[in-house]
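Data first, discussion second: the structure below is written as structure tokens.
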Amino acid sequence: QFVSLRQRILSAVQKNATRGDPRSVIRAIDQFCSQKEWAMNVGNEKGCILDSVVSEVNPATVLELGTYCGYSTVRIASLLPPYAKFITLEFNPDFAAVARQVIAWAGLEDKVQLVEGASSDWIPKIKEQFGIKTFDLVFLDHWKEHYLSDTKLMEECGLLRKGSVLLADNVICPGAPDYVEYVRSSPRYKSHYFRSHLEYTKAEENLWYLGIIE
Ligand SMILES: O=C(NCc1cccc(CNc2ccc3[nH]ncc3c2)c1)c1cc(-c2ccc(F)cc2)cc(O)c1O
Ligand SMILES: [Mg+2]
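The numbering of the sequence shown is the working numbering, which starts it at 31 and goes up by one.
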């Protein structure tokens, strides 16, 4: 019968990765997606940039918008200090179901809270629901047309502070032009982009890094 791509990714992890070993989970997904079927994980090239930003910020609080199969979730969670609070938001229940199992296979289920629902519903509730004041790091990797509205919503909800770092995937492909325009022209942001490639391809891509200066 039909097996979805996300199920095939999960099977590749369960077959080829060692339980409790996050690096083997990342390697198994990257091998599957570069040798068998493309999937929209951030991938290893951009993943290394993500790793360096996480290590540099060394965040106590992290928000990820767009869990998908949990690839970037595992990369981030494996680098966090033990006291860190990490929330990842996924709208699609099927993606969330696979991500939970991938995160568990990596042995990181205690490091991250996967929340199912829409960012616009959840962002206003995060402070009270999770006891979080502001986020040190936000990784945007969900619907590209929601990057700008959700960034503004996070600002309005007081979830960003001087020094908060937003890291946005796919600002070129598929692209988030309104978001890039807004943060580049806003005096409140110091922005920087990392040249890279679309996951598992040679297509040009950028990861957009911005520090909130205020
Ligand atoms: O579109 C993308 N990803 C977002 C996405 C996509 C589908 C479903 C969801 C459902 N998950 C979801 C939704 C709303 C949400 N609100 N809060 C959480 C949350 C979670 C999310 C994407 C596409 C490409 C790509 C495709 C094709 C191509 F040719 C080149 C490039 C590459 C990427 O790296 C990408 O990240
Ligand atoms: Mg992406």
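Where is the CB? At the ideal position from N, CA and C, for every residue including glycine.
From a predicted model like this one, the values you see are computed outputs, not experimental measurements.
About 14 Å separates the beta carbons of I133 and G96, which is beyond the 8 Å limit, so they are not a contact pair. Nearest Cα to A148 within the set Y177, E158 and T164: Y177. Using a cutoff of 7 Å, the CB of D208 does not count as near ligand 1, since none of the ligand's heavy atoms is closer than that. Check the Cα spacing between A136 and each of L237, E229, V33 and A47: the tightest is with A47.
Comparing C-alpha distances from A233 to each of I202, D208 and L240 shows the shortest one belongs to I202.
Comparing alpha carbon positions, the residue from K192, S102 and E120 closest to K220 is K192. Judged by beta-carbon spacing, V145 lies beyond the 8 Å limit of L167, meaning their Cβ atoms are not closer than that value.
A Cβ-Cβ distance of about 5 Å is found for the pair H227 and E235, placing them in contact under the 8 Å criterion. Distance from the C-beta of F62 to the nearest heavy atom of ligand 1 is not below 7 Å.
Using a cutoff of 7 Å, the CB of N88 does not count as near ligand 1, since none of the ligand's heavy atoms is closer than that.
Around ligand 2, the residues whose beta-carbon falls short of 5 Å from at least one of its heavy atoms are D171, D199 and N200, given in chain order. Per the C-alpha coordinates, the member of A58, G77 and D124 positioned closest to D199 is G77.
In terms of side-chain proximity, the C-beta atom of S102 is found no nearer than 7 Å to any non-hydrogen atom of ligand 1. Taking C-beta separations shorter than 6 Å and ignoring five residues to either side along the sequence, the partners of P154 in its chain run C187, following chain order. Ranked by Cα distance from S215, the options Y230, P204, L240 and E229 are led by L240.
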